Amino acid sequence: MTGISHPPTDSGRTRLEAYVDGWRRHDIAAVLDTLTDDCVVIESYGPVYRGKARVEQWMNAWFGAGGTVDAWEITSSAAAGDTLIVEWRFECTWKGEPGAFDGATIARLDQGRIAYLREYATTAALYDWTGVWRD
């Protein structure tokens, strides 16, 4: 995918890129600045965070428990109107264990802020299929 026109933040990055960057920098205020007050954020493994206050509570709990975002690289992006889409590679440390996976995010903007964000994760390593499925 390639970038198509979408509303930039003051620094020229999209709100979704700013959201990811805030997580990378462990900057809760920067992440919250990208969201509407009544946002809905859905993680790939199930939790739904409704409202900016709940997102702040989640981030404080996650970072407070020692979670770190070690890398979050956007590998492609696209937009159509107020809908933003990115694919990414995510690396973190949780409870002392490193983890990494590929994923994608679909987000919708409302008046320039993220109102809805849903993440999807790849659950197995990708491989080129050659006529036989791996076990």
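In the numbering used here, the protein residues as written are 29 to 163.
Every residue, glycine too, gets a C-beta built ideally from N, C-alpha and C.
Quick caveat, the model's predicted, so the values are computed rather than measured.
In terms of Cβ geometry, residue 67 and residue 48 do not form a close pair [threshold 9 Å]. An exposed status is given to residue 160, since fewer than 16 other beta-carbon atoms sit within 10 Å of its beta-carbon.
A residue is called buried once 16 or more other Cβ atoms fall within 10 Å of its Cβ, and residue 105 is buried on that count. Apart from sequence neighbours up to five positions away, the residues of its chain that approach residue 98 with a beta-carbon distance below 8 Å are 119, 120, 121 and 126, ordered along the chain. Ranked by Cα distance from residue 150, the options 108, 71 and 43 are led by 71. C-alpha of residue 136 to C-alpha of residue 156: approximately 32 Å in a straight line. Bounds of the beta strand (DSSP E) holding residue 63 are 63 to 70.
With 16 or more other Cβ atoms from the protein chains shown falling within 10 Å of its own Cβ, residue 145 counts as buried. Counting of Cβ neighbours within 10 angstroms places residue 43 among the buried residues, the total reaching 16 or more. Proximity to residue 60 across 153, 81, 100 and 76 peaks at 81, based on C-alpha coordinates. Rounded to the nearest angstrom, the gap between the Cα atoms of residue 123 and residue 87 is 15 Å. Taken in chain order, the complete beta strand (DSSP E) segments of 3 or more residues contained in the stretch 134 to 159 are 141 to 149. Around the beta carbon of residue 109, fewer than 16 other beta carbons sit within 10 angstroms, so the residue counts as exposed. A distance below 7 Å between beta-carbons, with the five flanking residues on each side excluded, links residue 102 to the following residues of its chain, in chain order: 45, 48, 114 and 116.
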